[in-house]
């Protein structure tokens, strides 16, 4: 979609020291209106998105659990009987604990979100102009003024468009994932190394020895607040996300968390294909042999690798073989 700004009309990307972006090209994913839906504010949608995503994806996996389809057995990490025989929390207890966490999460989220920035062509143009000015400064620093100006006159507008609509949002999103992972790793590890925190808080989650989808957020309410809700809020703040970006981040991270507890290792699961931190990886952490390992969640495994807390199925098998031979 194109928005023409005649007030900024000019013959090239740079007019002296002024930046010229006479045409605002809006990509397919962006809606140039204050709210995505007339009847629901973006703030309300951002608060509802992770809750709806959680229960829709959980319902999908629950239907698989209850289906009795034999072809699913080869993808199950544990036989279905283990869910009822080894877990120390009933599904009813898990359900109401998650409802409580979602209630707390939504209430705090409502208080957290500041006034939503105005969405308009003028706002977008002004922000793109700021990006363009930064682009000019950096390019001149690297290439020198003469070469940089010649280069930017030809491609500056396209580069600015890509940075504003794609490059910067992608960088913000990846940074937010890194913040969430960092927050989760160190607090999660602390809850295992500190006996008081484990006994009073984190042991609740480990009542699910065999995880399943809607048990992903089965936690002590205080742990859910600190580990999940606050972690997402800190990531959203540090990454400087808009409400719509936050909406996507919260829904995506929720889906990833549910998927990591689903109990299935599907080769065609998009949430498990692109990262080594998947349902099987997290399942190891829920077992006695791996409870002091695999603290990373929900996206990457770099902190486990760097700090030596990663445990793989191969290493587990090697340990068992070593025990047999001694």
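Numbering (this note's numbering), first residue to last: 12 to 337. For glycine and all other residues, C-beta sits at the position ideal for the given N, C-alpha and C.
> Around the Cβ of residue 195, are there at least 16 other Cβ atoms within 10 angstroms (buried) or fewer (exposed)?
Replying inline: Locating residue 195 in the chain shown gives position 184, where the first residue counts as 1. Its Cβ being crowded by 16 or more others within 10 Å, residue 195 is buried.
> So what's residue 35 in DSSP terms, helix, strand or just coil?
Replying inline: Residue mapping note: residue 35 aligns to position 24 of the chain shown, counting from 1. If DSSP states are grouped into helix, strand and coil, residue 35 belongs with the strands.
>> Please list the terminal residues of the continuous alpha helix (DSSP H) segment that includes residue 177.
In response: For the purposes of this step, residue 177 is taken as the residue at position 166 of the chain shown. Premise fails: residue 177 is in no alpha helix (DSSP H) and is neither H nor E.
>> Given this structure, state the Cα-to-Cα distance separating residue 51 from residue 136, to the nearest angstrom.
In response: The residue you call residue 51 lines up with position 40 of the chain shown. The residue you call residue 136 lines up with position 125 of the chain shown. Looking at the two C-alpha atoms, the distance is approximately 26 Å.
> Whole-angstrom Cβ separation of residue 222 and residue 172, contact assumed at under 8 Å?
Replying inline: On the chain shown, residue 222 is found 211 positions in, with the first residue counted as 1. On the chain shown, residue 172 is found 161 positions in, with the first residue counted as 1. No, residue 222 and residue 172 are not in contact; Cβ-Cβ is about 44 Å, not under 8 Å.
> Who pairs with residue 51 in a beta bridge, going by DSSP?
Replying inline: For the purposes of this step, residue 51 is taken as the residue at position 40 of the chain shown. DSSP, once it has assigned bridges, lists 48 as partnering residue 51.
>> As an exercise, report each continuous alpha helix (DSSP H) stretch of at least 4 residues that is fully enclosed by the region 273 to 310, in chain order.
In response: 281 to 284 and 290 to 297
> Cβ of residue 301 within 7 Å of Cβ of residue 112?
Replying inline: As a first step, residue 301 must be located in the chain shown, where it is residue number 290. As a first step, residue 112 must be located in the chain shown, where it is residue number 101. Going by C-beta atoms, residue 301 is not nearer than 7 Å to residue 112.
>> With three or more C-beta pairs closer than 8 Å as the rule, is the region 280 to 299 touching the region 247 to 258?
In response: Taking 8 Å as the limit for Cβ pairs, the verdict is that the region 280 to 299 does not touch the region 247 to 258.
> Can the beta-carbon of residue 151 be found closer than 7 Å to that of residue 159?
Replying inline: Working through the chain shown from its first residue, we reach residue 151 at position 140. Working through the chain shown from its first residue, we reach residue 159 at position 148. Yes, these two residues count as a Cβ contact at 7 Å.
> Mind checking residue 74: buried by the 16 CB within 10 Å criterion, or exposed?
Replying inline: For the purposes of this step, residue 74 is taken as residue 63 along the chain shown, with counting starting at 1. The residue in question, residue 74, is exposed, as its Cβ has fewer than 16 Cβ neighbours within 10 Å.
>> Within 8 Å, do at least three Cβ pairs link the region 279 to 290 to the region 203 to 213?
In response: no
> Run through DSSP, which three-state label would residue 165 get?
Replying inline: By 1-based counting over the chain shown, the position of residue 165 is 154. Three-state result, residue 165: helix.
>> 7 Å is my cut-off, CB to CB: does residue 286 come that close to chain B?
In response: This model lacks chain B altogether; it includes just one protein chain.
> What alpha helix (DSSP H) runs, 4 residues minimum, are completely inside the region 102 to 139?
Replying inline: Counting only runs of 4 or more, we get 102 to 123.
>> Is the beta carbon of residue 237 closer than 7 Å to that of residue 140?
In response: Indexing the chain shown from 1 puts residue 140 at position 129. Indexing the chain shown from 1 puts residue 237 at position 226. No, the Cβ-Cβ distance between residue 140 and residue 237 is not below 7 Å.
>> Is it the case that the region 217 to 231 contacts the region 95 to 105, given that we only count it when at least three CB pairs across the two stretches are under 8 Å?
In response: yes
>> Give me, in chain order, the residues of the same chain whose beta-carbon lies closer than 8 Å to that of residue 332; leave out the 5 immediate sequence neighbours on both sides.
In response: Here residue 332 is taken as the residue at index 321 of the chain shown, counted from 1. For residue 332, where only same-chain residues beyond five positions count, there are no Cβ hits under 8 Å.
>> Give me the DSSP bridge partner(s) of residue 25.
In response: Counting from 1 along the chain shown, the entry for residue 25 is found at position 14. 30, per the DSSP bridge assignment.
> Cβ atoms of residue 68 and residue 266: under 7 Å apart, would you say?
Replying inline: Against the chain shown, residue 266 aligns to sequence position 255. Against the chain shown, residue 68 aligns to sequence position 57. Contact flag set, yes.
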